[in-house]
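Sequential numbering from 26 applies to the sequence shown in our numbering.
Quick reminder that beta carbons are idealized off the backbone N, C-alpha and C, glycines included.
Below is one structure, written out as structure tokens, with a few remarks after it.
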Amino acid sequence: MFLKRCVVMCAMGAGSVMAQISGQPEHQWTEDVVGSHILQMGVDAWHIDSSAQEDTTANMNSLSRLQLANSYPVWHHRNPAEWLRFEGALRVGRDTLMTLKYRSDQSTGSRLDEASVDWAFRTYGVKLGVVDPKISWCRTYDMDSPWVRENNPFCSIQPLNFTKASAPGAQSYANFIAAGYSFQAIAGVYRPLWFNYAPHESPTITLASQSTINTHTKSGLALSATNLRNGTEFRLGVLRDDFQSNRESINQSVPYNNDVRSDVLFLGGNWYATSKLALRVTHFTYSGYRARTMRDVVHYLKEEQWSQYKATSLETNYQVNARDVLSASHVVYTFNTDKTSYGLQSGASVFVSAYSGTPHFVTRNLSLSWRRDWGQGLFTVLQMSNAKTDQFDASLNQQISSHGQALGLRVGYRF
């Protein structure tokens with residue numbers, strides 16, 4: 026962690042020097058551009074009113090599953106709370122580009138999302154360093170983001186956000202044009218444990234604090250196509266995650282090993298219905314398999330679990346004028362778990378239990394926002410969100426519904 030902080034501080038300082046050299050906060054590179062940077066920072070304030078004041082049990086997270094601004098914070102939830110985004114780049118010669126992206130907020134903590142070197146060779150290239158798998162359209166670094174907090178849980182809440190997050194690794198990519206479209210294909214391999222980058226990152230929702238992560242590897246493919254005539258864009262992304270951890274015996278508990286395999290799929294489309302009205306549709310799925318093996322002196326127990334998370338969103342953005350944007354979004358997020366457990370004693374397989382639907386829930390979120398750019402880098406975003414969760418736990422034989430409303434205000438400044 027100390028190494029990561031040093032890298033971040035040095036790189037941010039280098040980015041500021043680049044900006045002074047170039048004086049151009051742009052992302053369109055030409056031969057005479059040396060460097061570029063964008064720094065965004067501000068404060069978010071929320072008023073949240075929900076029927077659930079706290080999570081009830083381990084399976085029935087009535088508060089967190091509303092996915093409002095106080096759900097799954099990495100840091101202790103504060104209101105108001107500060108946030109920061111930094112994006113810098115430096116071109117060296119014609120074919121080499123160095124990129125840095127860093128963020129800090131209470132939803133995801135302090136995170137270095139990219140620190141890469143990109144070598145381009147005509148229509149193809151390679152990237153090395155901390156790189157992004159590029160299988161989402163999260164607005165983390167968008168300069169014109171219309172939201173105080175994104176409504177898609179794969180972008181906004183820590184457990185799901187990290188399933189597709191950046192990591193040290195290598196990427197190769199290819200660009201080509203055909204049938205009036207610009208295509209890009211990206212393939213990569215990522216290792217979150219390298220350089221102690223994300224030593225506690227897990228593809229599962231919960232990981233015991235005493236656990237030790239042994240191996241963690243991601244591999245993915247992303248394809249995008251952009252219509253050169255009207256700007257319509259499509260994206261397909263897949264990411265495979267292989268993860269192993271163990272937990273030693275603590276306070277007489279039985280030690281166990283975890284073996285997790287998961288797959289993330291992203292589908293997205295973005296187009297202009299009119300010159301002022303933009304539409305965006307996305308679909309995320311997470312499918313995970315976990316095998317947990319526990320052992321005491323003479324007994325073994327192997328528990329297998331399959332989980333699936335899905336989030337489908339529809340977003341509209343209307344450009345009222347050069348300064349004002351009105352946005353609306355609707356997100357449906359579902360979770361299902363099926364379990365089958367088997368016992369092993371003295372080498373003989375003994376069937377223990379099998380049950381399904383433990384638990385499952387559906388969360389629906391409807392949000393409206395108004396963003397205004399006041400000029401000189403100052404902007405505000407006002408967001409209203411309404412969330413409702415229906416959940417059922419077969420093992421507890423309970424059905425719980427919760428609902429909540431949130432009103433958020435972001436005051437930000439872009440350098």
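Grab me the residues of residue i's own chain with a C-beta within less than 6 Å of its C-beta, minus the 5 sequence neighbours each way, in chain order.
| i | result |
| --- | --- |
| L434 | A70 and L407 |
| W331 | Y314 and D363 |
| G294 | F259 and V306 |
| H308 | L292 and T337 |
| G145 | Contrary to the premise, residue 145 reads as Ala rather than Gly in this sequence. Closer than 6 Å at Cβ, skipping near neighbours: D120. |
Cα separation between residue i and residue j?
| i | j | result |
| --- | --- | --- |
| N255 | N104 | 42 Å |
| D143 | D120 | 8 Å |
| T242 | G213 | 11 Å |
| R164 | S170 | 6 Å |
| H355 | A303 | 15 Å |
| E139 | Q424 | 42 Å |
| R136 | R128 | 5 Å |
| M409 | N282 | 43 Å |
| A353 | R272 | 44 Å |
| E112 | L248 | 23 Å |
| L393 | V151 | 40 Å |
| P193 | D167 | 22 Å |
Which of the three DSSP states is assigned to residue i in this structure?
| i | result |
| --- | --- |
| N200 | strand |
| D65 | Looking at the sequence provided, one finds Gln at residue 65 rather than Asp. Q65: strand per DSSP, three-state reduction. |
| W399 | strand |
| Q445 | Past the edges of the chain, shown from 26 to 440, lies residue 445, and the structure says nothing about it. |
| L304 | strand |
| R435 | strand |
| N221 | helix |
| T310 | strand |
| T148 | coil |
| F440 | coil |
| L122 | strand |
| L88 | coil |
| Q45 | Its pLDDT being 33, under 50, Q45 is placed unreliably by the model, and the measurement read from it follows with that caveat. Note: Q45 maps to helix in three-state DSSP. |
| D57 | For D57, the pLDDT reaches just 48, beneath the cut-off of 50, and the residue's location in the model is therefore unreliable, leaving the point undetermined. |
Starting from residue i, trace the alpha helix (DSSP H) both ways and give me its first and last residue.
| i | result |
| --- | --- |
| L290 | Here L290 belongs to no alpha helix (DSSP H); instead the beta strand (DSSP E) covers Y281 to Y297. |
| Q183 | Q183 to N186 |
Go ahead and label residue i buried or exposed: buried means 16 or more other beta carbons lie within 10 angstroms of its beta carbon, across all protein chains shown.
| i | result |
| --- | --- |
| K301 | exposed |
| A199 | exposed |
| G134 | exposed |
| P384 | buried |
| E16 | Coverage of the chain is limited to positions 26 through 440, which leaves residue 16 absent and any answer about it impossible. |
| H72 | exposed |
Which residue marks the beginning of the beta strand (DSSP E) containing residue i, and which one marks its end?
| i | result |
| --- | --- |
| P207 | One detail in the question is off: residue 207 reads as Ser in this sequence, not Pro. From DSSP, the beta strand (DSSP E) with S207 extends over Y206 to Y215. |
| L115 | A106 to V117 |
| E175 | E175 -> no beta strand (DSSP E), and no H or E assigned at all. |
| I160 | Segment: none, I160 is in no beta strand (DSSP E) and carries neither H nor E. |
| V99 | Careful: V99 lies outside any beta strand (DSSP E) and carries neither H nor E. |
| T251 | S236 to N252 |
Go through its chain and collect everything with a Cβ distance to residue i's Cβ below 7 Å, but skip five positions before and after it.
| i | result |
| --- | --- |
| R90 | F386, T388, T414 and Q416 |
| A298 | L304 |
| N86 | D80 |
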